[in-house]
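A.B. asks:
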Amino acid sequence: MQAKTSPVYQIFEQQHQDAKTLFLALGKQIKSKKAIELLMKLEFLELYTDLMSKIHFETENLGNDLFSPFKNLKKSLRKTHHLKLVERNLKAQEEKTTLKYDSYREYLDVQKKKIQKEAFDLVVGSTLKTWDDFQQKSLQSSRGIKPLMINTAINQLVQEELEFLHRNLKTPMESQSFRDLFESLRKIIMLENLLIQLGFNPIFISQIHEEISQLKENLKPWYSNHLSFQALSGFLAEKEEISKKYMDWIKELKEEKKSLSSEIEKQAFELLKKVLV
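Per the working numbering, residue 349 is the first one in the sequence shown, and the count goes up by one each step.
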């Protein structure tokens with residue numbers, strides 16, 4: 349008699365199907381909205397493989413083996429998302445100042461074409477067999493898993509993220525620390541929501557869960573600023589002469605980043621004190 353599949357696989361299966369549909373759409377044309385949607389699906393699917401790896405700890409590199417065919421695609425789609433944030437920042441700046449940054453917009457358009465081509469090549473260079481193999485292997489890994497094993501594994505993954513932050517977050521925080529914080533909070537929220545979706549008790553009380561979600565939301569402006577500062581700095585590095593409007597903007601971004609960093613750093617350490625008691 350074949351072992352039953354875990355309820356967590358049913359959630360995986362829906363996410364996998366949605367991801368495959370988006371993948372097929374991107375095989376016709378790369379569009380930022382669908383690329384970002386697929387990125388979000390892949391983030392969940394990768395988290396699922398981490399969960400399976402934690403449950404089947406006796407199988408070395410299980411999570412990495414399951415998700416490895418999608419790592420380059422995920423990385424490429426993330427570039428698409430990042431560029432979209434930079435484009436939004438440019439639009440907001442033009443609306444705020446009523447100035448035009450045409451040469452910078454042209455620079456971003458060139459970057460966009462490169463990024464979209466990279467993503468498109470990865471999509472059309474892959475096959476549906478990769479997705480089907482991934483589904484079959486995930487199905488096999490989910491058989492015979494007892495509820496307590498899932499609950500324990502999710503709690504372990506959340507604890508690992510918190511311990512990682514406790515070890516690595518130092519004041520003053522560097523740019524990499526803010527990115528690590530965002531990624532860890534994203535994973536913690538996904539794991540907590542998965543736990544609730546499966547009918548288990550949440551790890552955190554509702555107030556702490558809200559504070560974690562709020563800190564993640566507060567990190568989004570920081571991330572947008574950081575990416576915009578990087579992109580604009582790259583553009584200006586190619587210029588022999590820089591006009592005043594660009595000098596003013598890069599200075600403004602730098603000051604904004606300093607202000608955002610200070611506030612988030614304070615919130616992050618206050619939250620860690622609460623969740624690491």
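Every residue, glycine too, gets a C-beta built ideally from N, C-alpha and C.
Using a Cβ-Cβ cutoff of less than 8 Å, which residues in the same chain neighbour residue 569 once the five nearest sequence positions on both sides are dropped?
C.D. replies: Cβ within range, chain order: 608.
A.B. asks: Could you pull the start and end residues of the alpha helix (DSSP H) that residue 407 belongs to?
C.D. replies: Element bounds for residue 407: n/a, residue is neither H nor E.
A.B. asks: Assuming residue 422 and residue 387 make a contact with CB atoms under 8 Å, what is their CB distance in whole Å?
C.D. replies: With 8 Å as the limit, residue 422 and residue 387 qualify as a contact, their Cβ atoms being about 7 Å apart.
A.B. asks: Take residue 542 as the anchor and find which of 472, 490, 399, 519 has the nearest alpha-carbon.
C.D. replies: Of the candidates 472, 490, 399, 519, the one whose C-alpha sits nearest the C-alpha of residue 542 is 399.
A.B. asks: Taking the alpha-carbon positions, what's the residue 491 to residue 567 distance?
C.D. replies: Taking the straight line from one Cα to the other gives about 38 Å.
A.B. asks: Report all residues from its chain with a CB closer than 8 Å to the CB of residue 352; omit the five preceding and five following residues, and keep chain order.
C.D. replies: Result list for residue 352: 491, 492, in chain order.
A.B. asks: So, with DSSP's three-state summary, where would you put residue 353?
C.D. replies: Strand.
A.B. asks: Would you list, in sequence order, the uninterrupted alpha helix (DSSP H) runs of no fewer than 4 residues that lie entirely inside the segment 385–458?
C.D. replies: You should have 410–415, 419–445.
A.B. asks: What does a CB cutoff of less than 8 Å around residue 526 pick up in its chain, not counting 5 residues either side in sequence?
C.D. replies: These residues qualify, in order along the chain: 567, 570, 571, 574, 609, 612.
A.B. asks: For residue 437 and residue 427, I'd like the C-alpha separation in whole angstroms.
C.D. replies: If you take the alpha carbons of residue 437 and residue 427, they lie about 15 Å apart.
A.B. asks: I need the straight-line Cα distance from residue 479 to residue 364, nearest angstrom please.
C.D. replies: Computed Cα separation, rounded: 8 Å.
A.B. asks: Going by CA-CA distance only, name the one from 507, 546, 514 that's closest to residue 535.
C.D. replies: The residue with the shortest Cα to Cα distance from residue 535 is 507.
A.B. asks: Give me the DSSP bridge partner(s) of residue 491.
C.D. replies: According to DSSP, residue 491 bridges with 353.
A.B. asks: I need the straight-line Cα distance from residue 407 to residue 481, nearest angstrom please.
C.D. replies: About 18 Å.
A.B. asks: For residue 397, count neighbouring Cβ atoms within 10 angstroms of its own Cβ and tell me buried if that reaches 16, exposed if not.
C.D. replies: Burial call: buried.
A.B. asks: Quick one: give me the first and last residue of the alpha helix (DSSP H) that residue 589 is part of.
C.D. replies: Segment: none, residue 589 is in no alpha helix (DSSP H) and carries neither H nor E.
A.B. asks: What do you reckon, are the CB atoms on residue 576 and residue 601 nearer than 7 Å?
C.D. replies: Going by C-beta atoms, residue 576 is nearer than 7 Å to residue 601.
A.B. asks: With DSSP as the reference, label residue 500 as helix, strand or coil.
C.D. replies: In the structure shown, residue 500 sits in a helix (DSSP, three-state: H, G or I).
A.B. asks: Where are the alpha helix (DSSP H) runs, 4 residues long or more, that stay fully inside the segment 523–548, in chain order?
C.D. replies: Entirely contained in the segment 523–548, the alpha helix (DSSP H) runs reaching 4 residues are, in chain order, 523–545.
A.B. asks: Determine the direct distance from the alpha carbon of residue 578 to that of residue 650, and round the result to whole angstroms.
C.D. replies: Residue numbering for the chain in the displayed model covers 349 to 625; residue 650 lies beyond these limits and cannot be assessed.
A.B. asks: Quick one: grab the DSSP three-state call for residue 377.
C.D. replies: Of the three classes helix, strand and coil, the one that applies to residue 377 here is coil, per DSSP.
A.B. asks: Could you tell me if residue 378 is buried or exposed, where buried requires 16 or more neighbouring beta carbons within 10 angstroms of its beta carbon?
C.D. replies: So residue 378 ends up on the buried side.
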